[in-house]
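Just so you know, we're using the working numbering here: the sequence shown kicks off at 9 and counts up by one.
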Amino acid sequence: MVSIVTFEWDRAKEALNSDKHGVDFAGVPAVFDDPRRLFIRFSGMTRGEVRWQCVGWDGAGVLTVRFTLRAGAIRVIGAAHWRRQKKIYE
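In structure tokens, the structure reads:
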């Protein structure tokens with residue numbers, strides 16, 4: 009069985025994320041492909057959406073991706089190499 013996952017994000021948000029965390033969103037799909045990835049649900053909702061974190065290896069380190077599911081796609085909100093999630097992953 010083949011499943012196709014679509015990723016989407018706001019380019020302006022990606023630029024802000026890159027400036028703040030040094031991470032662009034091009035490496036995000038690798039995190040979702042990591043067989044050891046972890047999913048963590050946010051405790052609250054934003055704008056009525058459930059928010060998630062996916063923690064996994066992106067080829068450069070343990071990356072935490074913040075996302076929501078919107079219209080059948082993974083909508084990336086942000087991404088960073090955070091020490092706290094790295095400890096959970098390891």
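The beta carbon of each residue, even a glycine, is placed where N, CA and C say it ideally should be.
Going by DSSP in three states, residue i sits in which element: helix, strand or coil?
{"i": "Val36", "result": "helix"}
{"i": "Glu98", "result": "coil"}
Which value, in whole angstroms, describes the spacing of the CA atoms of residue i and residue j?
{"i": "Val73", "j": "Ser26", "result": "13 Å"}
{"i": "Ile85", "j": "Ala68", "result": "20 Å"}
{"i": "Gln122", "j": "Trp17", "result": "Past the boundaries of the shown model lies residue 122; the chain is included only from 9 to 98, so the question cannot be answered."}
{"i": "Glu57", "j": "Ala88", "result": "21 Å"}
{"i": "Asp41", "j": "Phe15", "result": "13 Å"}
{"i": "Lys28", "j": "Trp90", "result": "12 Å"}
Rank the options by C-alpha distance to the C-alpha of residue i and give the top, closest one.
{"i": "Ala34", "options": "Gly56, Leu71, Arg59, Trp60", "result": "Leu71"}
For a quick check, are the C-beta atoms of residue i and residue j less than 7 Å apart?
{"i": "Gly64", "j": "Arg49", "result": "no"}
{"i": "Asp2", "j": "Ala38", "result": "The first residue shown for the chain is 9 and the last is 98, placing residue 2 beyond what the model contains."}
- prompt: Whole beta strand (DSSP E) runs in the stretch 67 to 92 with 3 or more residues, listed along the chain?
  reply: With a minimum length of 3 residues, the continuous beta strand (DSSP E) runs that stay inside the stretch 67 to 92 are 70 to 78, 81 to 88.
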